[in-house]
Structures are given as C-alpha cells and as structure tokens.
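With the working numbering, letter number 253 in the sequence shown gets 242, and the count goes up by one each step, no holes.
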Amino acid sequence: MRSWGATWPCWMLTWIYVGVLHAVAPVGRHVDRNQPHVIKRRMLACLAVTVFAGWTTVHLQNGEESAFEKIGLKWDRVMPSAVTAARLTAVLFAGPIAMKWPLQYPHEIDVQVIRNLLVAPICEEFVFRACMVQLLKENGTGAVQIVLLTPLFFGAAHLHHLYELIVFHKVSLTMGLVQVAFQFVYTCIFGWYATYLFLATGSIAGSVVAHQMCNYLGFPEFWAIASHPRKNLILFLLAAGIPAFFYLLPQLGNI
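Here is the structure:
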C-alpha cells in the first residue's frame, strides 16, 4: 500500500503532461495530431513540462546528491548505457530488423521525424522514467515495484488517443477501445524494459536509445512473415533473438 500511496506525484505529472498537450493544441474533427502546427506546439509543451518535471523531482527529494544525480543524469554512464541498450534492443528486434533490411532512413527531417525520434523519446523517458523512478525511490518504493509501477503511468498517458480515434478518424467506440487497450499493453511492456534499463545501467540514455529504436522500427509485423522472401532467416532470428534477449537482460546488473 505504501507504493500506491507514494504514486501521487507520478499521477500528477502524468495528467499535467497529457493535459498540457491538449491545452496548447487540442485535436478535433478537422485537426489531427500529425498536422505540423499541432506537432510544433506540442513539442514546445513537452519541453516545458519536462523542465517542470525535473524541477519538481529535484525539490521533492532530500539528500546531498547534485540536482543532476537526483534525476538520474550521471554523465559518466551515458555512453555505456546507450551502447548497452542499442545492442540489447537490436538482439530483441533481430527478426523485425531483418524484415526491414536494408533499413530506410528519412530523406528529409520533418517535424514528425523530430517528434518521433528526438523530442518524444527524450521528454517521455525523462518524465516517465528518470523523474518518476526517483520520486518513487524517495518514497521508499523497492526496485521491483518501481519496474512494475512506472509503466502504468506511461501507458495511462496514451489513453487519451481514444478521443482522437473516435472524433478525427471516425473509429467506432469498440474498435477504438481495442486499439487503445493494445497500445496500453504494448507501452507497459516497453516501460518495464525501459525502467529496468534505467535502473540497471544508471543512466536515462539507455532508455532513450531503446525508445528511439522502438519508435523507428514500429511494432513487428508478425503477420507478414509468411509471405516475406527472407522468411526462414526471420524465423531463425526471432527464435534466437528473443531467448538471447532474456538471457542477456539479467546480466546488465542488479537493480
């Protein structure tokens, strides 16, 4: 019960993060979240909330650590954390990478690319991983509970997409609920992985890199494997990559 009672700062940041997005650039029947002016406004809002979250996290904690250390920004761990996350995520996504090979890179850097591969991964991992993990730690929450709890806030922050699906994309309520439920589960699973990376590597850099890779690769298109010309290779990499991932994950260190 103590862990649940200690979650109020995390819920506060979650609702502020989502609320500000809709306040500065609400979506509607003729306004989509992927329209450039909406993306630009929301990116600025995300950056503002990220700064606020960092300030709040630092001032709600005690101890003699520096402000950067309090929010998990340990500069000597940035590169090791990023490299570790890139290797581990590549092992997990070995099959999907083979499906997309050769990987296609954006021909031009538009606002969607900046949002998906830069602003969203950095801001979301900072707020939903670095800040929330530190807030829960400050309240005496154990590492395992932190890994299990923090993804719930991250998943909840995506539930507002139901409104856009129904209003803008004209999706039925039932189909919208199915899509949002799937996204909630997927973001929670990723959140468990990203939180473990953060705790085990000692830097938020690893979580950001994993987030960037997942955003770039997207959800694996398992249904397309049967008709893919490299089907046998993909199946082999899936069969080898998934167990290899779970074998390597605990070797990152104790959390």
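Where a beta carbon is used, it is the ideal one built from N, C-alpha and C, also for glycine.
Residue i (DSSP reduced to helix, strand or coil)
i       : result
Val20   : strand
Ala180  : A quick correction: the sequence has Gly, not Ala, at residue 180. Correct three-state label for Gly180: helix.
Leu237  : helix
Leu2    : helix
Gly129  : coil
His217  : coil
Trp90   : coil
Ile161  : Reading the sequence as shown, one finds Ser at residue 161 and not Ile. Three-state DSSP puts Ser161 in coil, outside helix and strand.
Pro316  : Residue 316 is absent from the model: the chain starts at -10 and stops at 244.
Gly144  : helix
Thr(-4) : coil
His150  : helix
Gln50   : coil
Pro209  : coil
Pro232  : helix
Leu62   : coil
Ile193  : coil
Gly43   : helix
Gly242  : coil
Backbone CA spacing between residue i and residue j [nearest angstrom]
i       : j      : result
Ala194  : Leu138 : 20 angstroms
Val136  : Tyr185 : 6 angstroms
Pro15   : Leu238 : 40 angstroms
Phe234  : Thr73  : 12 angstroms
Ala145  : Gly191 : 25 angstroms
Ala12   : His26  : 14 angstroms
Glu58   : Leu107 : 22 angstroms
Tyr6    : Pro218 : 43 angstroms
Lys63   : Ala71  : 12 angstroms
Ala132  : Ala189 : 10 angstroms
Asp249  : Ala34  : Residue 249 falls outside the range modelled here, since the chain spans only -10 to 244, and no answer is possible.
Gln50   : Thr39  : 17 angstroms
Leu162  : His48  : 42 angstroms
Trp(-3) : Val20  : 32 angstroms
Lys126  : Thr3   : 17 angstroms
Ala87   : Ala215 : 14 angstroms
Asn221  : Pro232 : 17 angstroms
Leu141  : Leu10  : 19 angstroms
Tyr236  : Ile60  : 29 angstroms
Arg30   : Gly129 : 37 angstroms
Gln101  : Met68  : 26 angstroms
For residue j and residue i, believed in contact at Cβ under 8 angstroms, the rounded distance
i      : j      : result
Gln134 : Thr46  : Contact doesn't hold; Cβ gap of about 18 angstroms is too wide.
Thr176 : His158 : Actually they are not in contact, since the Cβ atoms of Thr176 and His158 sit about 19 angstroms apart, beyond 8 angstroms.
His149 : Gln172 : Actually they are not in contact, since the Cβ atoms of His149 and Gln172 sit about 11 angstroms apart, beyond 8 angstroms.
Query raised in the report: Taking three-plus beta-carbon pairs below 8 angstroms as touching, is the stretch 115 to 125 in contact with the stretch 179 to 186?
Result: Per the Cβ contact rule, the stretch 115 to 125 is in contact with the stretch 179 to 186 (3 or more Cβ pairs under 8 angstroms).
Query raised in the report: When the Cβ atoms of the stretch 192 to 204 are set against those of the stretch 75 to 86, are three or more pairs found closer than 8 angstroms?
Result: For the pair of segments examined, the stretch 192 to 204 was found to touch the stretch 75 to 86: the number of CB pairs separated by less than 8 angstroms reaches three.
Query raised in the report: How about the stretch 165 to 175 and the stretch 144 to 154: do they share at least three Cβ pairs that are nearer than 8 angstroms?
Result: Judged by Cβ distances under 8 angstroms, the stretch 165 to 175 makes contact with the stretch 144 to 154, as three or more pairs qualify.
Query raised in the report: Per the contact definition of three or more C-beta pairs closer than 8 angstroms, is the stretch 81 to 101 in contact with the stretch 225 to 232?
Result: Judged by Cβ distances under 8 angstroms, the stretch 225 to 232 makes contact with the stretch 81 to 101, as three or more pairs qualify.
Query raised in the report: Can at least three beta-carbon pairs, one atom from the stretch 89 to 107 and one from the stretch 201 to 216, be found at a separation below 8 angstroms?
Result: Short answer: they touch.
Query raised in the report: Can we say the stretch 211 to 223 touches the stretch 36 to 50, given the rule of at least three CB pairs closer than 8 angstroms?
Result: Too few Cβ pairs lie closer than 8 angstroms, so no.
Query raised in the report: What are the complete beta strand (DSSP E) segments, minimum 3 residues, inside the stretch 65 to 114?
Result: Within the stretch 65 to 114, no complete beta strand (DSSP E) run reaches 3 residues.
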